[in-house]
Amino acid sequence: MPLKDAETKPVEPEKARELDTAELRAEVARLEEARFRLRFRSATEAIENSAQIRNLRRNIARLKTVLRERVQA
Numbered sequence: 012m013p014l015k016d017a018e019t020k021p022v023e024p025e026k027a028r029e030l031d032t033a034e035l036r037a038e039v040a041r042l043e044e045a046r047f048r049l050r051f052r053s054a055t056e057a058i059e060n061s062a063q064i065r066n067l068r069r070n071i072a073r074l075k076t077v078l079r080e081r082v083q084a
């Protein structure tokens with residue numbers, strides 16, 4: 012179950028903690044791919060919402076933090 016609007020809006024940590032580890036890893040991979048595509052597109056053309064790159068980067072960090080918490084526990 013991918014997180015809805017994770018590419019455009021902040022992810023709530025509670026919602027990220029509801030996902031299991033495999034889903035979190037898949038979501039991180041999906042968001043990193045979206046970030047790559049957006050950065051590539053921004054280099055070749057103007058994008059309408061430049062804050063979207065920052066949102067993606069922060070959402071990836073949030074999900075990686077939840078993954079790290081699970082490893083530490």
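Once you know that position 37 of the sequence shown is 48 in the working numbering, the rest is easy, because the numbers rise by one and skip nothing. Cβ coordinates follow ideal geometry from the N, Cα and C atoms, glycine included. Note that the structure is a prediction, hence the values are computed from the model and not measured.
Across the set Ala54, Val77, Glu34, the C-alpha of Val77 shows the shortest separation from the C-alpha of Pro24.
According to the DSSP assignment, Ile71 belongs to the alpha helix (DSSP H) that extends over 62-83. The three-state secondary structure of Ala27, taken from DSSP, is helix.
Nearest in C-alpha terms to Ile64, of all of Arg46, Arg73, Glu80, Arg79, is Arg46. Three or more Cβ pairs drawn from the stretch 34-44 and the stretch 55-71 lie within less than 8 Å of each other, which places the two stretches in contact.
Excluding residues up to 5 positions away in sequence, Asn66 lie with their Cβ nearer than 8 Å to the Cβ of Lys20 in the same chain. Residue state for Ala57 is assigned as coil, using DSSP reduced to three classes.
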